[in-house]
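Comments concern the structure below.
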Amino acid sequence: MSLVLLLLAALTSVGAAAPELDLLYPELELSRTIYVTEDGPRLSVAAEQLTVASRRGGNATLPCRIQMDQSLTPSRKMRIKWTKMTSDYLKEVDVFVAMGDHKRSYGSFHGRVHLRGSSPLDASLVITEITLEDYGRYKCEVIDGLEDGTVVVSLDLEGVVFPYSPRLGRYNLNFYEAERACRAQDAVVASFEQLHRAWRGKLDWCNAGWLSDGSVQYPITAPREPCGGKNTLPGVRNYGLRDKDKNRYDVFCFTAHYKGRFYYLIHPSKLTYDEAVAACQQDGAQIAKVGQMFAAWKLLGYDRCDAGWLADGSVRYPVSRPRRRCSPTEAAVRFAGFPDKKHKLYGVYCFKGQN
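With mature numbering (1 follows the signal peptide of the UniProt record, and there is no 0) applied, the sequence shown corresponds to residues -17 to -1, 1 to 338, in that order.
Shown next as structure tokens:
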């Protein structure tokens, strides 16, 4: 039924009922009000892609295109605001605000963000020198008088998720200690989306670990009795949200491409931990971190069968080509534990940063 017919039907109905109302309530003055809604908002925003992929140290443009009714033109008081949602989606962190000639960037984004501004209706945000913390969802909000619109765009990073526990052993980190532990290894606490993607890439780990939203989960590709039961389906097991201060677990960290060189230091003898630290320094480098080894292994295909010291006091080695006596069944970063730092049993992996 067309809008005109609907209106006529409504008016006919009101007119037919009026005599009865007049008889029942003679003191009542009838009024007829017709409500007509517009076809839609006169201002909206859209993004040609809702996910943008980049890498650490690179640049990215988060699209946001303003769409306006032809009767409107952008005013000098139009306000463009970009915010970043926290990993639990409970808060928004200010990133960038622009209104006319006034522009401001906030916090860790200061000096690294600006509007692309290819046209008066282009509110796209350019982020430079991307960090691990930049990963996540961003909201573009445009306000012009009584008109407004929003769109959410995700920034994704190419990287690798790895489980981590400290020298103290399994289940010894509250959430805040887990954050510091990942940061110390050139990483951040992984998100659920990152862990889920790693699980789809065959990550299987039976120890539960913190994720960035405060939940505790772990990925299982080969169900077995100690890990939820052998009759369960593969998946990411979820313990739910936990008390960030009181509860203690391992953590899943996320790291990405780095600027620099990761390498095994050729040395005439095996080293203690302190000797390993000194040897890297003498080579103009620093002893490598766990995250740097995982990034080199996963993203660059680094392969070395020699066990070596890392900055946290652990001993590991990365194998991208499985072979006999060297991770024969799968590509992996092999973990030899946290040995006595005085043992002269291992080599060392170094990292030389690039400014």
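Even for Gly, the Cβ is constructed at its ideal location relative to N, Cα and C. Note that this is a predicted model, so its numbers are computed, not measured.
Can you tell me which of the options puts its alpha carbon nearest to the alpha carbon of residue i?
i, options, result
"Q337", "A167, C47, V134, G267", "G267"
"C288", "R48, F158, G184, S303", "S303"
"D77", "L283, K64, V134", "K64"
"G41", "V96, D71, L248, L73", "V96"
"P217", "A43, L282, D187, K227", "D187"
"S310", "A290, A294, Y246", "A290"
"W182", "D295, V143, F158", "V143"
"L73", "D196, S91, L328, P206", "D196"
"Q275", "E258, A262, D295, Q265", "D295"
"D127", "R153, R25, S297, L151", "R25"
"L194", "L224, M51, P301", "L224"
To the nearest angstrom, how far is it from the Cα of residue i to the Cα of residue j?
i, j, result
"Y118", "Y256", "34 Å"
"C123", "H93", "17 Å"
"L(-12)", "D139", "With a pLDDT of only 37 at L(-12), under the threshold of 50, the placement of this residue in the model should not be trusted, and no figure is reported."
"H240", "W280", "11 Å"
"R99", "Q200", "39 Å"
"R308", "R317", "12 Å"
"P251", "P146", "32 Å"
"C165", "F237", "8 Å"
"G212", "R220", "11 Å"
"D84", "M61", "11 Å"
"L6", "R48", "Annotation note: pLDDT 49 at L6 (below 50); position unreliable, no value reported."
"Y159", "V172", "10 Å"
"F175", "Q269", "31 Å"
"D169", "R207", "32 Å"
"T16", "D105", "Any answer about T16 is weak, because its pLDDT of 42 lies below 50 and its placement is not dependable; what the coordinates show is given next. Cα to Cα, T16 sits roughly 41 Å from D105."
"L4", "Y121", "With a pLDDT of 40 at L4, under the threshold of 50, the modelled position of that residue is not reliable, and the figure given next carries that caveat. Computed Cα separation, rounded: 56 Å."
"G90", "G284", "35 Å"
"residue 342", "N155", "Nothing can be reported for residue 342: it is not among the residues displayed for the chain, which extend from -17 to 338."
"L254", "P301", "19 Å"
"C263", "K327", "16 Å"
How would you write the range of the beta strand (DSSP E) that residue i sits in, first residue to last?
i, result
"G296", "No beta strand (DSSP E) contains G296, which DSSP labels as neither H nor E."
"A319", "Element bounds for A319: n/a, residue is neither H nor E."
"L194", "Unbroken run through L194: none, as it is neither H nor E."
"Y246", "243 to 247"
"D233", "233 to 239"
"P146", "142 to 147"
In terms of residue numbering, what span does the alpha helix (DSSP H) encompassing residue i cover?
i, result
"E162", "158 to 167"
"Q264", "256 to 265"
"K281", "273 to 283"
"W182", "175 to 183"
Apart from the five residues on each side of it in sequence, which residues of its chain come closer than 6 Å, Cβ to Cβ, to residue i?
i, result
"T34", "S137, D139"
"S88", "F79, V96"
Got a sec? Which residues, its chain only, sit under 8 Å from residue i by beta carbon, not counting five neighbours each side?
i, result
"Q32", "P46, V136"
"Y8", "Only weak support is given to the placement of Y8: the predicted model assigns it a pLDDT of 47, under 50, and the question is left unresolved by the model."
"R150", "D295, G296, S297, F321"
"R153", "N190, D233"
"T114", "R39, S91"
"K227", "N157, F158, Y159, G197"
With a CB to CB cut of under 7 Å and the five nearest residues on each side skipped, what residues in its chain are close to residue i?
i, result
"S14", "Because S14 sits at a pLDDT of 42, beneath the cut-off of 50, its placement in the model cannot be relied upon, and the following sentence gives the value as read from the coordinates. Excluding positions up to five away in sequence, the list is empty."
"A271", "F245, L293, A294, Y332, C333, F334"
My parser needs the beta strand (DSSP E) runs of 3 or more residues fully inside the segment 70 to 131; what are they?
75 to 82, 85 to 88, 96 to 98, 108 to 110, 119 to 127
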